[in-house]
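Below: one structure, written as structure tokens.
Structure representation (structure tokens):
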């Protein structure tokens, strides 16, 4: 197996060099300036979730969470980078709390992987379906509070950014999607790093007289800039940019997805090809996208009814559990295992299946991005302007009707107009996944790349076709209509 | 490369979905009646008034401090404001909802114009009639030319991505060859 490290050509544009955006991002308080509006928004959403109307399309908690936030999140990830982790309001309250509570513990060694976070991501998807979270402002408000509480609790106990790196399900979603982002936090000139003796980008800077006093944090996610590759685990927190005394870290453009076939050792991560937990995250990111879309189309009710009849139960928990096991464990194992078996036969090697599946799992991320973007983009675009009348109504609900009569006819695009965009996004994802899979095949099996590529191409075309079928089904327009 | 970037931006602009004018409606349902008291119910009416088939949701919640009692009739009737057609009535069917009970029905809007809407609710503890007006508008489905316009930005992105991918591949192969 050939596993030559790849070298990245110098990227074209550095966001920090841009006139207004660059100056803003270099500003010491850029991150809090982005976090604060989101924190205020979260407070308003929680308040409205508890005291506002419990009709989901009329409530800011459910509308902004399930229609606007998710949609804008995936769009920003795909056209820019992990800017939502950068602006994460959970970290603002955590930073405030850390002024009073200094965490003393290190995150347990046996949990320093993605398994817990992958499990929590699945748990969130499960709760979303079980409790019809999209249709319940009250539960959505509790979810937001629970998130703040969990971030505070974990990071009050454990050092560094343990919550972001090992726990946060949204963070893992963002990390996975950001591997396909066009922007990356990256060293500008590696020669400068070679002569650097202080390594502030990872250590941070401390007061010369009081070593306990941190003047500027280094990377809390253990990503040492000179050895950092790609966006995995990078929250775009800007700490390394502010810490570097040589102004040698930028936010640069790159070829989206190129890190997915790059198997050089990464700081804070290691080798992609050796990380089964990261490969599982990639697979859950793909099959979870299909499952999440499946949950909002009409055939899911027939399937659920059939399972319930077979089990002789009206309890939704076992029905959903079977569906989740089938679509998030059995289906990936069968499909990816089949492709890996085909690969082994094509190469004539006795290689175990798991390493093959692990290496090729990352190729699924572009298609997964396409499916998430199509799904969440559908909700975002069909309900694009609904935040305006609902905000007007929310302030009226709070006894502040100064925004005037709600403009209820401000809704969004028609489903007919959005459908072609969904097809376009999924098809771009297919193209990306095919190209990444080919590069992985070329990297690992240079002499048999085409033969190895075929089973994975078949797999992703099957997934693409199933995504197309799902999105052509009548969808519940959750949060924008009376869908739940 | 600048030429391709310019082309891409132009295609993106050309393919960007038309924004919806506020005076016409192409998207999902919106409320035309909010919080109206009808007998023992608090009623909201949401509609998606597409030309051809328009949809109505009548959301019913019990009035403050009361239990919800199943209504015996929920009916939506429409008539063009011009009076060119007689009233047409459509019974609404109950639909599962987390927030009270909603009743759903589809009505025929044969052309784009303003229509009177009348919602009749009857139940064992009383009922009443609500009235409003709505404009039937095109459903927003795009034709083949529109579809072509929509496809162009995706083709452009795909083309640029493929081109960059091939350049990158060539670069990496050259680097690997010179290093070995």
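Chains as they are written, first to last, in our numbering: chain Z, 473 to 956; chain A, 28 to 207.
Cβ atoms here follow ideal geometry from the backbone N, Cα and C, with glycine treated the same way.
Can you grab the Cα-Cα spacing for the pair residue i / residue j, in whole Å?
| i | j | result |
| --- | --- | --- |
| residue 51 of chain A | residue 873 of chain Z | For residue 51 of chain A, the predicted model reports a pLDDT of 47, less than 50, meaning its position is unreliable; a value from the coordinates is still stated below. Residue 51 of chain A and residue 873 of chain Z: Cα-Cα distance of roughly 25 Å. |
| residue 167 of chain A | residue 649 of chain Z | 31 Å |
| residue 642 of chain Z | residue 593 of chain Z | 7 Å |
| residue 549 of chain Z | residue 841 of chain Z | 9 Å |
| residue 626 of chain Z | residue 635 of chain Z | 6 Å |
| residue 473 of chain Z | residue 677 of chain Z | Model confidence at residue 473 of chain Z stands at a pLDDT of 41, short of 50, so the residue's coordinates are unreliable and nothing is read from them. |
| residue 732 of chain Z | residue 637 of chain Z | 19 Å |
| residue 943 of chain Z | residue 895 of chain Z | 8 Å |
| residue 178 of chain A | residue 900 of chain Z | 11 Å |
| residue 804 of chain Z | residue 591 of chain Z | 16 Å |
| residue 905 of chain Z | residue 187 of chain A | 15 Å |
| residue 105 of chain A | residue 519 of chain Z | 38 Å |
| residue 880 of chain Z | residue 139 of chain A | 19 Å |
| residue 837 of chain Z | residue 763 of chain Z | 15 Å |
| residue 189 of chain A | residue 913 of chain Z | 17 Å |
| residue 795 of chain Z | residue 776 of chain Z | 8 Å |
| residue 199 of chain A | residue 528 of chain Z | 51 Å |
| residue 137 of chain A | residue 861 of chain Z | 29 Å |
| residue 845 of chain Z | residue 792 of chain Z | 24 Å |
| residue 185 of chain A | residue 760 of chain Z | 25 Å |
| residue 49 of chain A | residue 146 of chain A | Confidence is the limiting factor: at residue 49 of chain A the pLDDT is only 35, short of 50, which leaves the residue's position unreliable, though a coordinate-based value still follows. Between residue 49 of chain A and residue 146 of chain A, the C-alpha separation is close to 25 Å. |
| residue 932 of chain Z | residue 640 of chain Z | 28 Å |
| residue 109 of chain A | residue 79 of chain A | 18 Å |
| residue 888 of chain Z | residue 538 of chain Z | 21 Å |
| residue 951 of chain Z | residue 491 of chain Z | Residue placement at residue 951 of chain Z is flagged as unreliable, the pLDDT there being 49, under the threshold of 50; the coordinate-derived value follows with that caveat. Approximately 38 Å, taken between the alpha carbons. |
| residue 693 of chain Z | residue 701 of chain Z | 13 Å |
| residue 495 of chain Z | residue 489 of chain Z | 8 Å |
| residue 730 of chain Z | residue 504 of chain Z | 31 Å |
Considering only their Cβ atoms, is the gap separating residue j from residue i smaller than 8 Å?
| i | j | result |
| --- | --- | --- |
| residue 151 of chain A | residue 99 of chain A | yes |
| residue 624 of chain Z | residue 577 of chain Z | no |
| residue 575 of chain Z | residue 631 of chain Z | yes |
| residue 927 of chain Z | residue 781 of chain Z | no |
| residue 910 of chain Z | residue 546 of chain Z | no |
| residue 208 of chain A | residue 162 of chain A | The requested residue 208 of chain A is not part of the displayed model; chain A covers only 28 to 207. |
| residue 103 of chain A | residue 134 of chain A | yes |
| residue 536 of chain Z | residue 859 of chain Z | yes |
| residue 122 of chain A | residue 116 of chain A | no |
| residue 960 of chain Z | residue 704 of chain Z | For residue 960 of chain Z there is no data in the structure shown, the boundaries of chain Z being 473 and 956. |
| residue 633 of chain Z | residue 561 of chain Z | no |
Helix, strand or coil: how does DSSP classify residue i here?
| i | result |
| --- | --- |
| residue 59 of chain A | strand |
| residue 163 of chain A | coil |
| residue 917 of chain Z | coil |
| residue 718 of chain Z | coil |
| residue 699 of chain Z | helix |
| residue 41 of chain A | With a pLDDT of 49 at residue 41 of chain A, under the threshold of 50, the modelled position of this residue cannot be trusted; read the value that follows with caution. If DSSP states are grouped into helix, strand and coil, residue 41 of chain A belongs with the helices. |
| residue 117 of chain A | strand |
| residue 723 of chain Z | strand |
| residue 766 of chain Z | helix |
| residue 741 of chain Z | coil |
| residue 894 of chain Z | helix |
| residue 559 of chain Z | coil |
| residue 149 of chain A | strand |
| residue 711 of chain Z | helix |
| residue 672 of chain Z | helix |
| residue 122 of chain A | strand |
| residue 658 of chain Z | strand |
List, in order along the chain, the chain A residues whose C-beta lies closer than 9 Å to that of residue i?
| i | result |
| --- | --- |
| residue 957 of chain Z | The structure shown does not extend to residue 957 of chain Z, since chain Z is modelled only from 473 through 956, so no value can be given for it. |
I want to verify the contact list: residues of chain Z whose CB lies under 9 Å from the CB of residue i, in sequence order.
| i | result |
| --- | --- |
| residue 95 of chain A | Near residue 95 of chain A there are no residues of chain Z at all, since even the closest Cβ is about 14 Å away, more than 9 Å. |
Quick one: which chain A residues come within Cβ less than 8 Å of residue i?
| i | result |
| --- | --- |
| residue 888 of chain Z | 166, 167, 168 and 169 |
| residue 543 of chain Z | Near residue 543 of chain Z there are no residues of chain A at all, since even the closest Cβ is about 14 Å away, more than 8 Å. |
Please identify the residue among the options whose C-alpha is closest to the C-alpha of residue i.
| i | options | result |
| --- | --- | --- |
| residue 865 of chain Z | Z/533, Z/500 and Z/806 | Z/533 |
| residue 659 of chain Z | Z/646, Z/712, Z/611 and Z/670 | Z/712 |
| residue 657 of chain Z | Z/744, Z/863 and Z/724 | Z/724 |
| residue 689 of chain Z | Z/889, Z/567, Z/619 and Z/539 | Z/567 |
| residue 554 of chain Z | Z/563, Z/651 and Z/691 | Z/651 |
| residue 671 of chain Z | Z/695, Z/907 and Z/825 | Z/695 |
| residue 143 of chain A | A/165, A/113 and A/155 | A/113 |
So with CB distances below 7 Å, who are the chain Z contacts of residue i?
| i | result |
| --- | --- |
| residue 181 of chain A | 896, 899 and 900 |
| residue 142 of chain A | Here the premise fails: no neighbours, minimum Cβ distance about 15 Å. |
| residue 192 of chain A | 727 and 907 |
| residue 185 of chain A | 900 and 903 |
| residue 101 of chain A | The premise fails here: residue 101 of chain A is roughly 14 Å from chain Z at the closest Cβ pair, so nothing lies under 7 Å. |
Residues of chain Z with CB under 8 Å from residue i, in chain order?
| i | result |
| --- | --- |
| residue 114 of chain A | Near residue 114 of chain A there are no residues of chain Z at all, since even the closest Cβ is about 24 Å away, more than 8 Å. |
| residue 65 of chain A | Here the premise fails: no neighbours, minimum Cβ distance about 17 Å. |
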